[in-house]
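Report on one structure; see the data block that follows.
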Amino acid sequence: MTAKLIDGKAFAATVRAKVAAHVAQIKEENGITPGLAVVLVGEDPASQVYVRSKGKQTVEVGMNSYEHKLEADTSEADLLALIDRLNKDPDVHGILVQLPLPKHLDSDLVINSINPAKDVDGFHISNVGLLGTGQKSMVPCTPLGSLMMLRDYHGSLSGLNAVVIGRSNIVGKPMANLLLGDSCTVTIAHSRTKDLPSVVRQADIVVAAVGRPEMVTGDWIKPGATVIDVGINRIERDGKTALVGDCEFASCAEVAGAITPVPGGVGPMTIACLLANTLTACCRAHGLREPEGLTA
Ligand code: GUN
Numbered sequence: 088m089t090a091k092l093i094d095g096k097a098f099a100a101t102v103r104a105k106v107a108a109h110v111a112q113i114k115e116e117n118g119i120t121p122g123l124a125v126v127l128v129g130e131d132p133a134s135q136v137y138v139r140s141k142g143k144q145t146v147e148v149g150m151n152s153y154e155h156k157l158e159a160d161t162s163e164a165d166l167l168a169l170i171d172r173l174n175k176d177p178d179v180h181g182i183l184v185q186l187p188l189p190k191h192l193d194s195d196l197v198i199n200s201i202n203p204a205k206d207v208d209g210f211h212i213s214n215v216g217l218l219g220t221g222q223k224s225m226v227p228c229t230p231l232g233s234l235m236m237l238r239d240y241h242g243s244l245s246g247l248n249a250v251v252i253g254r255s256n257i258v259g260k261p262m263a264n265l266l267l268g269d270s271c272t273v274t275i276a277h278s279r280t281k282d283l284p285s286v287v288r289q290a291d292i293v294v295a296a297v298g299r300p301e302m303v304t305g306d307w308i309k310p311g312a313t314v315i316d317v318g319i320n321r322i323e324r325d326g327k328t329a330l331v332g333d334c335e336f337a338s339c340a341e342v343a344g345a346i347t348p349v350p351g352g353v354g355p356m357t358i359a360c361l362l363a364n365t366l367t368a369c370c371r372a373h374g375l376r377e378p379e380g381l382t383a
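Going by my numbering, 375 is the number at position 288 of the sequence shown; the sequence numbering is gapless.
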């Protein structure tokens with residue numbers, strides 16, 4: 088391996104420490120405690136794990152955590168009524184509705200019913216529009232965490248060629264907008280892109296967010312490029328379950344200048360950025376100074 092390892096686990100710990108310090112300060116100076124409400128509908132096991140982890144880390148940085156667990160057959164009206172209550176609750180600064188929602192619920196309708204100022208996922212159509220036009224918004228957590236690591240490693244991203252593989256609303260599209268905001272030349276590639284390896288080979292920065300285990304191999308990577316692997320895929324290997332990214336780590340690390348591992352790369356940054364967004368939302372709600380280095 089020749090690439091520098093970008094340690095997301097350690098980076099996330101520094102983000103959480105910054106958040107905790109700022110939370111302690113506004114508690115002391117302003118008597119305000121940021122609060123995050125997480126809504127989980129149904130019993131998807133992976134979602135339950137995420138929600139538990141979010142609640143634990145929220146409390147660890149000194150914020151209030153409010154968990155709302157609803158039955159899988161909860162009606163849309165009941166869910167919207169809960170969101171309305173949380174929108175109006177002055178102790179709640181951030182609201183996250185865990186996705187995916189059960190099929191009978193309209194995710195777009197539900198997400199767009201959240202007060203955009205409390206939309207710490209950055210999925211509300213207003214925040215999508217604000218990000219797309221370069222205005223101050225709530226930024227989706229995984230792309231925000233990826234951007235923080237890229238800025239930390241490169242300093243300025245200006246003029247670099249970035250290829251984002253994947254066009255999801257949660258990662259690919261907001262990631263592309265953030266990179267454009269930092270003056271990269273951005274390409275969004277996807278499953279229909281012609282000759283994907285040669286497109287990726289042009290990139291100084293590769294962000295892989297497709298959900299295909301080890302799809303990107305070392306021969307796709309320009310020597311010295313930075314590889315951000317957003318994928319978290321569970322596969323069977325040698326009779327065991329293994330967690331792998333969208334990039335084949337060993338071969339990519341031979342060629343890249345820097346690379347995020349899976350696990351321990353982008354993953355830990357996502358919840359850290361959720362905490363950062365909750366703090367930012369709280370500061371904006373109360374007209375307080377925003378934390379530095381924790382927003383786009
Ligand atoms: N499910 C998987 N990732 C996410 C996320 O970032 N936000 C929400 N709300 N649900 C998710």
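The beta carbon of each residue, even a glycine, is placed where N, CA and C say it ideally should be.
Using only alpha-carbon positions, find the residue among the options that is nearest to residue i.
{"i": "V148", "options": "R376, H373, L361", "result": "L361"}
{"i": "L381", "options": "P227, A133, L196", "result": "P227"}
{"i": "H191", "options": "G95, E163, A133", "result": "E163"}
{"i": "E379", "options": "K156, R103, I170", "result": "R103"}
{"i": "T272", "options": "L247, R279, T357, K141", "result": "L247"}
{"i": "P189", "options": "V303, L166, V349", "result": "L166"}
{"i": "R321", "options": "P350, G305, V303", "result": "P350"}
{"i": "W307", "options": "G318, P348, V293", "result": "V293"}
{"i": "Q144", "options": "I358, R371, C369", "result": "I358"}
{"i": "D193", "options": "P203, T161, V215, K205", "result": "T161"}
{"i": "T347", "options": "L157, M88, I315, P132", "result": "I315"}
{"i": "F336", "options": "T328, K327, G352, T229", "result": "G352"}
{"i": "I119", "options": "D291, S134, M150", "result": "M150"}
{"i": "G298", "options": "S245, T274, P121, I257", "result": "I257"}
{"i": "P177", "options": "L283, S213, A204, A168", "result": "A204"}
{"i": "L244", "options": "H373, P121, S233", "result": "S233"}
Here's the rule: buried if 16 or more other CB atoms are within 10 angstroms of the residue's CB, otherwise exposed. What is residue i?
{"i": "L196", "result": "exposed"}
{"i": "E301", "result": "buried"}
{"i": "H109", "result": "buried"}
{"i": "S200", "result": "buried"}
{"i": "E130", "result": "exposed"}
{"i": "T367", "result": "buried"}
{"i": "V179", "result": "buried"}
{"i": "G95", "result": "buried"}
{"i": "M225", "result": "buried"}
{"i": "D325", "result": "exposed"}
{"i": "V136", "result": "exposed"}
{"i": "D269", "result": "buried"}
{"i": "D333", "result": "buried"}
{"i": "H46", "result": "This structure cannot settle anything about residue 46, because the visible part of the chain is limited to 88 through 383."}
{"i": "D206", "result": "buried"}
{"i": "V146", "result": "exposed"}
{"i": "P84", "result": "With the chain represented from 88 up to 383, any question about residue 84 goes unanswered, as that position is not in the structure."}
{"i": "T229", "result": "buried"}
{"i": "G221", "result": "exposed"}
Between residue i and residue j, how many whole angstroms is the CB-CB distance? I'm expecting something under 8 Å.
{"i": "A345", "j": "I93", "result": "5 Å"}
{"i": "Q185", "j": "V251", "result": "Wrong, their Cβ atoms sit about 24 Å apart, outside the cutoff."}
{"i": "L375", "j": "I182", "result": "Not a contact, Cβ separation roughly 19 Å."}
{"i": "A312", "j": "A363", "result": "About 27 Å; that fails the 8 Å criterion."}
{"i": "L123", "j": "T365", "result": "5 Å"}
{"i": "A249", "j": "L231", "result": "Between L231 and A249 the Cβ distance is about 15 Å, and since that is not below 8 Å, they are no contact."}
{"i": "L173", "j": "V128", "result": "That pair is no contact at about 14 Å."}
{"i": "M262", "j": "M356", "result": "That pair is no contact at about 13 Å."}
{"i": "D239", "j": "F98", "result": "7 Å"}
{"i": "N214", "j": "H373", "result": "Contact doesn't hold; Cβ gap of about 19 Å is too wide."}
{"i": "C369", "j": "P121", "result": "4 Å"}
Tell me the residue span of the beta strand (DSSP E) that contains residue i.
{"i": "N151", "result": "151 to 157"}
{"i": "I275", "result": "272 to 276"}
{"i": "L330", "result": "327 to 331"}
{"i": "A249", "result": "248 to 252"}
Which residues bound the alpha helix (DSSP H) around residue i?
{"i": "D94", "result": "Segment: none, D94 is in no alpha helix (DSSP H) and carries neither H nor E."}
{"i": "G219", "result": "212 to 219"}
{"i": "D239", "result": "228 to 241"}
{"i": "A372", "result": "353 to 372"}
{"i": "R172", "result": "163 to 175"}
{"i": "A133", "result": "132 to 147"}
{"i": "A295", "result": "No alpha helix (DSSP H) contains A295, which is instead part of the beta strand (DSSP E) from 292 to 295."}
{"i": "I319", "result": "I319 -> no alpha helix (DSSP H), and no H or E assigned at all."}
{"i": "V258", "result": "Looking at the DSSP string, V258 is not in any alpha helix (DSSP H), and its letter there is neither H nor E."}
8 Å is my cut-off, CB to CB: does residue i come that close to chain B?
{"i": "K205", "result": "The chain labelled as chain B is not found in the depicted structure, where only one protein chain is given."}
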